[in-house]
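Structure first, then comments.
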Amino acid sequence: MTPKTSVTVLFAGDSGDGMQLTGTQFANTVAVYGSDLNTFPNFPSEIRAPAGTISGVSGFQMQFGSTAVYTPGAKFDVLIAMNAAALKSNIDKLHHGGIIIVDTDGFDAKNLKLSGYGEGNNPLEDGSLNDYTLFSVPVVSLTRKALADTGLSVKNIDRCKNMFILGILYWLYSLPIETTVQTLKSKFKNKADIADANIKAVTAGYNFGDETDMFAQFGRFEVGPAEMKKGTYRRVTGNEAAAIGLAAASKKAGLKLFLGSYPITPATEILQALANMKKWGVKTFQAEDEIAGVLSSIGASYGGALAATSTSGPGLALKSEALGLAVIMEVPLVVINVQRGGPSTGLPTKPEQSDLFISMFGRHGDAPVPVIAAYSPVDCFYAAYEAAKIAVEHMTPVICLTDGYLAFSSEPMLIPSPDSLLDVKPVFAKPRNEGDAPYLPYKRDERAVREWAVPGTKGLEHRIGGLEKSHETGNVSHDPANHQLMTDLRLQKVEKVADSIPLQTIDNGPEKGDLLVLGWGSTYGAIKIAVDRARKAGHSVAHAHLRYLNPFPKNLGEILSSYKKVLIPENNCGQLLMMIRDRFLIEPVAFNKVEGLPFNEMEIEAKITDIVKEL
Amino acid sequence: MTDTLTTLTAKDFTSNQEPKWCAGCGDHAVLQQLKSAMADLGLKTEEVVVVSGIGCSSRLPYYVATYGVHGIHGRALPVASGLKAARPELNVWVATGDGDALSIGGNHYIHTIRRNPDLNVILLNNEIYGLTKGQYSPTSKIGQKTVTSPNGVVDYPMNTVALTLGAGGTFVARVTDRDGKFMREIFKRGAEHRGTSLIEIYQNCPIFNDNAFSAFTDRERKADTTLYVENGQPLVFGKESEKGIRLDGFTPKVVNLNDGSVSKEDLWIHDEKDFNKANILSRFFDDPNASEDFLPRPFGIFYVEDRFTYEDALTAQVEKAQENGEGTLEALLAGNSTWTIK
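Sequences listed follow chains A and B, in order.
Using the numbering used here, read the first sequence as starting at -18 and increasing by one per residue.
Using the numbering used here, read the second sequence as starting at 13 and increasing by one per residue.
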């Protein structure tokens, strides 16, 4: 058995072939075995694109390893192709010499034609794959043979072909089929025949590895368990993690969570996950539109709930006016914005980091809000949690940025103990009695934060809204000096958030040196690996990753001035770069990519090498 | 409890802010009746929230000494819906206008009506945009000349009552700003109704659309142009109650009770639970100034239906999910499927 430190696999097939399910099964098995992993699905934006075509290909990519895994991998070591289109659309991302496992039954004349290879041009036979290790398996035929005596229809039998190939992969990577068998039993607990057929298929695939001499000269592989922190884990996607983070913050704060939202790719799973958390007192409101989504949350927040809304770029644009209302009302509100390729409908299923400007500046008037960003699927939990903490403790809307890459990627999450989570402390105004001084809804503490005065509380009756308010009393005011004061106070309030957030740290590398790679959001994994490699190559390079985009951590200027150059890789045209240049008057090096794809570590490593050469 | 129970008066619902509406504006009368209705209902100031959008009428929350939110244009209803979903025990009112509810907020309007949260919606319809100084609104009349329709309005007007019934409204009423005590009683009925209560108020704007409703409010004409409906009573109108409405199949006809051809027993008896009749009644939308042959404009409660409210249904789902206790933070963090690294 050949040991491997990490392997990147792509399961690719027709969108009806069950590739997401197959990949998820493999990921669960790997996780239970103890390897570290990171997964990323890649599916068409159409629900059912024409079968057999390139646009109908659905993929599930994952990297697993015996060392820490930060990304789903840049290039694949193994490509599983259920048909010709799946091979054609992914072969360019397979490592030279990589393994291809194909279902030869997906390479008939019709599939070859639909995939664009053309009838009679079979890549499995024309030698074009000679640079790779090709395993041609008639998966459909073998599955039909294995399940011949089940009495199921051919259609139902053919649906098990993905389990057959999963079995082969388990054999190849020396992994047990047991986790999948258990899952199938519980998933189909009311359909014993389907459960049995799927179990038979995965077993037959595994046995095929033993029986065939196809793999004989090649052998099997083993990826050992990683040095994971001890504890109990669950696998989460970024969207699931964000939903759990919001719910956890509500429990910790002793508040009820309310989510007003409207379905939008790639944020919808947050609404779906929270709709299933009623046991934790969560209320979700699927509004008639994005605007009603955020406004229902503002209403709930005025009523004393921890209120949130989840969206993506086009939805954030629609929510702009309402966010201004939340800014001037000074009520807590969490906006989870799962970024996608824009502008307009853009690339709905593809990630981008191009909503930083709209988050910072996308409201009329001077309307500052704290902005934070998550850097990994698991970190979506902590970022959503912290967004809720800042919103509640500073009485302000907070925008929490994730993106389509984090939203759909998954990785193991070490389940935190409730005690380890930071406290979330709302400050409610206390009831007043007759004879008490009149209540001042806009009286502030030293952090410029007002109290939360919740309807139903005696003596706190007050009227607030979008019109400018008089300092302290909250009454409508058009006084020029008052508007200046209130604008200044709202800005100060957000700036003072910097007093309660941690200082910026260096993730990796020296505290002074030649080059700092400054990232934010989902570029974390690629930068982490690239900087690691550059350091191993002897370069003086460090990596800092920003969670707090507004306000910046207080020591950020000092950190930036400790390096000769600063490189900012972003999946946009230089939005963080412009903010850094404006604030610190330095000229960082831009590295921008807007291809609807995340950076890979090779690109960043090459850029680092180019820069340090010149220094 | 009883020894500390004090009944509040309209004055207790009056805030320290001076209303900034024009002299003679119908909004003043609505505000007064609303505060009186709240007092009559025995509400406490701290349990009431008045939510509004933007427009002259949306200033109303500032003048009521309860909790209040003056939101953004067209969007009072989602704010109120979220508040009510989060805090079902609060008594939530919405003040809105024809532009606010039916134009910029039209989408929120129909969806709120169908969801039926327990809100009391007061829609002050003056058939004009007052705050922006006199542009036509979705309820302005065909041919109406305004600063943005110098040659007359060509947009066909919205019929608020018919729209509300069409959207699935469960309490639909109409009054005018001159109705005083009657308006207050309708407010109280609306407040007692569980579900969204829509009370459309024909409200005169003396500055930009004076006399828009004079056909229904002029002492001389009122009796012949209006039909005040009362549950269980025949549809009768006219100076001497000499006219009535009779249904000929699905077609309403004005009949004369004095010509011996029909008696009161032949008339349409108002039944506020009858959805089909309410729909026909809602289509009494003729303009008495446009033709001699018109059906009178109905006022009062068109329709009432007992239907579950949004927040009750949502709360029931939460309670069901918590049958065996509320979920703990530990269980939330752990989820359903875990593994342990030792």
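Positions of the beta carbon are idealized from the N, C-alpha and C atoms, including for glycine.
These numbers come from a predicted model, not from an experiment.
Limits of the beta strand (DSSP E) - the one that residue i falls within
{"i": "A/Leu304", "result": "Note, A/Leu304: premise wrong, no beta strand (DSSP E); alpha helix (DSSP H) at Ser301 to Met310."}
{"i": "B/Pro264", "result": "Thr263 to Asn268"}
{"i": "A/Cys381", "result": "Pro378 to Asp384"}
{"i": "A/Gly186", "result": "Counting along the chain, A/Gly186 falls outside any beta strand (DSSP E), though it belongs to the alpha helix (DSSP H) covering Ala173 to Glu192."}
{"i": "A/Met394", "result": "Ser391 to Leu395"}
{"i": "A/His77", "result": "Leu75 to Asp84"}
From the options, residue whose alpha carbon lies closest to that of residue i
{"i": "B/Gly67", "options": "B/Lys251, B/Ser303, B/Gly181 and B/Leu135", "result": "B/Leu135"}
{"i": "A/Leu227", "options": "A/Pro22, A/Val316, A/Asp513 and A/Val83", "result": "A/Val316"}
{"i": "B/Ile353", "options": "A/Arg321, A/Lys211, A/Ile272 and A/Met(-18)", "result": "A/Lys211"}
{"i": "B/Asp305", "options": "B/Asp236, B/Thr327 and B/Asn243", "result": "B/Asp236"}
{"i": "B/Arg319", "options": "B/Gln215, B/Ala333 and B/Phe183", "result": "B/Phe183"}
{"i": "B/Asp52", "options": "B/Lys234, B/Arg201, B/Asn336 and B/Asn268", "result": "B/Arg201"}
{"i": "A/Gln42", "options": "A/Val217, A/Ala507 and A/Pro22", "result": "A/Pro22"}
{"i": "B/Asn348", "options": "A/Ser167, A/Pro579 and A/Lys232", "result": "A/Ser167"}
{"i": "A/Gly132", "options": "A/Asp177, A/Asp400 and A/Ile482", "result": "A/Asp177"}
{"i": "A/Leu304", "options": "A/Thr504, A/Gly446 and A/Glu586", "result": "A/Gly446"}
{"i": "B/Gly312", "options": "B/Gln329, B/Val330 and B/Ala290", "result": "B/Ala290"}
{"i": "A/Ala207", "options": "A/Lys509, A/Tyr366 and A/Val50", "result": "A/Val50"}
{"i": "A/Leu387", "options": "A/Ser542, A/Phe362 and A/Arg564", "result": "A/Phe362"}
{"i": "B/Gly244", "options": "B/Thr108, B/Lys285, B/Val330 and B/Phe194", "result": "B/Lys285"}
{"i": "A/Gln6", "options": "A/Gly(-3), A/Gly(-6), A/Thr20 and A/Asp(-5)", "result": "A/Thr20"}
Cβ neighbours of residue i in the same chain (closer than 7 Å, five flanking residues each side left out)
{"i": "A/Gly97", "result": "Ile35 and Lys69"}
{"i": "A/Lys535", "result": "Ala479 and Leu484"}
{"i": "A/Gly440", "result": "Pro412, Arg413, Asn414, Asp417 and Tyr420"}
{"i": "B/Glu338", "result": "none"}
{"i": "A/Leu368", "result": "In the sequence on display, residue 368 of chain A carries Ala and not Leu. Within the same chain, A/Ala368 has close Cβ partners Val315, Ile353, Val379 and Cys381."}
{"i": "A/His77", "result": "Asp112"}
{"i": "A/Asn103", "result": "Phe88 and Leu93"}
{"i": "A/Lys74", "result": "Lys56 and Phe57"}
{"i": "A/Val359", "result": "Val217, Ala222, Glu392 and Met394"}
Under 8 Å from the C-beta of residue i: neighbouring residues of chain B
{"i": "A/Lys233", "result": "Leu341"}
{"i": "A/Leu306", "result": "Gly83 and Ile84"}
Within chain B, partners of residue i - CB distance below 7 Å
{"i": "A/Asp270", "result": "Asn119"}
{"i": "A/Asn456", "result": "Gln29"}
Neighbour list for residue i in chain B, Cβ cutoff strictly below 9 Å
{"i": "A/Phe342", "result": "The premise fails here: A/Phe342 is roughly 19 Å from chain B at the closest Cβ pair, so nothing lies under 9 Å."}
{"i": "A/Met209", "result": "Ile353"}
Chain-ordered neighbours of residue i on chain A, where CB pairs are closer than 8 Å
{"i": "B/Glu59", "result": "Pro436 and Gly437"}
{"i": "B/Ile154", "result": "The contacting residues do not exist; B/Ile154 stays about 29 Å from chain A at best."}
Under 9 Å from the C-beta of residue i: neighbouring residues of chain A
{"i": "B/Trp123", "result": "The amino acid occupying residue 123 of chain B in the given sequence is His; Trp does not appear at that position. In chain order: Ala268, Glu269, Asp270 and Ala273."}
{"i": "B/Thr144", "result": "Ordered by position in chain A, no residue passes the 9 Å Cβ test against B/Thr144, which lies about 15 Å from the chain."}
Proximal residues to residue i (C-beta, below 6 Å), its chain only, five neighbours per side dropped
{"i": "B/Pro300", "result": "Ala227, Thr237 and Phe306"}
{"i": "A/Leu299", "result": "Glu271 and Ile272"}
{"i": "A/Leu115", "result": "Ile81"}
{"i": "B/Thr14", "result": "Reliability of the predicted coordinates at B/Thr14 is poor, the pLDDT of 43 falling under 50, and no value is obtained from them."}
{"i": "A/Gly268", "result": "The sequence shown places Ala at residue 268 of chain A, rather than the Gly named in the question. Result list for A/Ala268: Gly241, Tyr243, Gly274 and Ser277, in chain order."}
{"i": "B/Ala41", "result": "Asp189"}
Chain D contact for residue i (CB, 8 Å cutoff)
{"i": "B/Ser209", "result": "You won't find chain D in this structure, because its protein chains are A and B."}
Endpoints, alpha helix (DSSP H) assigned at residue i
{"i": "A/Trp152", "result": "Lys142 to Leu153"}
{"i": "A/Glu539", "result": "Leu537 to Leu541"}
{"i": "B/Gln44", "result": "Gly38 to Asp52"}
{"i": "A/Thr213", "result": "Per DSSP, A/Thr213 belongs to no alpha helix (DSSP H); it is in the beta strand (DSSP E), Gly212 to Thr218."}
{"i": "A/Ser122", "result": "Val120 to Ala127"}
{"i": "A/Glu476", "result": "Pro461 to Glu476"}
Amino acids of chain A, ordered along the chain, whose beta-carbon sits closer than 7 Å to that of residue i
{"i": "B/Ser349", "result": "Arg215"}
{"i": "B/Leu135", "result": "Here the premise fails: no neighbours, minimum Cβ distance about 18 Å."}
Own chain partners of residue i with C-beta closer than 8 Å, once the 5 adjacent residues on each side are dropped
{"i": "A/Asn137", "result": "Ile175 and Ala178"}
{"i": "B/Lys145", "result": "Val159 and Phe220"}
{"i": "A/Ile589", "result": "Leu496, Val498, Ala511, Val512, Ala515, His520, Val522 and Leu548"}
message = Any C-beta of chain A within less than 7 Å: which residues of the stretch 31 to 55 of chain B qualify?
response = Here the close residues number zero.
message = Please identify, using Cβ separations under 7 Å, the residues of the stretch 238 to 262 of chain A that lie next to chain B, in order along the chain.
response = The stretch 238 to 262 of chain A vs chain B, Cβ under 7 Å: Phe239, Gly241, Lys259, Lys260, Trp261 and Gly262.
ask   = In chain order, what residues of the stretch 314 to 344 of chain B put their CB closer than 7 Å to some CB of chain A?
value = Those residues of the stretch 314 to 344 of chain B placed with their C-beta closer than 7 Å to a C-beta in chain A are Leu326, Gln329, Val330, Ala333, Gln334, Glu338, Gly339, Leu341, Glu342 and Leu344, ordered along the chain.
query = Of all the residues that make up the stretch 413 to 446 of chain A, which are near chain B by a beta-carbon distance shorter than 9 Å?
reply = Those residues of the stretch 413 to 446 of chain A that come within reach of chain B (Cβ to Cβ, closer than 9 Å) are Pro419, Ala434, Val435, Pro436, Gly437, Thr438, Lys439, Gly440, Leu441, Glu442, His443, Arg444, Ile445 and Gly446.
key: Proximal residues, the stretch 65 to 91 of chain B versus chain A, C-beta separation under 7 Å   = Those residues of the stretch 65 to 91 of chain B that come within reach of chain A (Cβ to Cβ, closer than 7 Å) are Pro73, Tyr74, Ala77, Thr78, Tyr79, Gly80, Val81, His82, Gly83, Ile84, Arg87, Pro90 and Val91.
query = Mind listing which residues of the stretch 282 to 304 of chain A have their C-beta closer than 9 Å to chain B's C-betas, in chain order?
reply = Per Cβ criterion, the list reads Ser282, Tyr283, Gly284, Gly285, Ala286, Ala288, Glu302 and Ala303.
query = When you check each C-beta in the stretch 90 to 105 of chain B against every C-beta of chain A, which residues fall closer than 8 Å?
reply = The residues in question are Pro90, Val91, Ala92, Ser93, Gly94, Leu95, Lys96, Ala97, Ala98, Arg99, Glu101 and Leu102.
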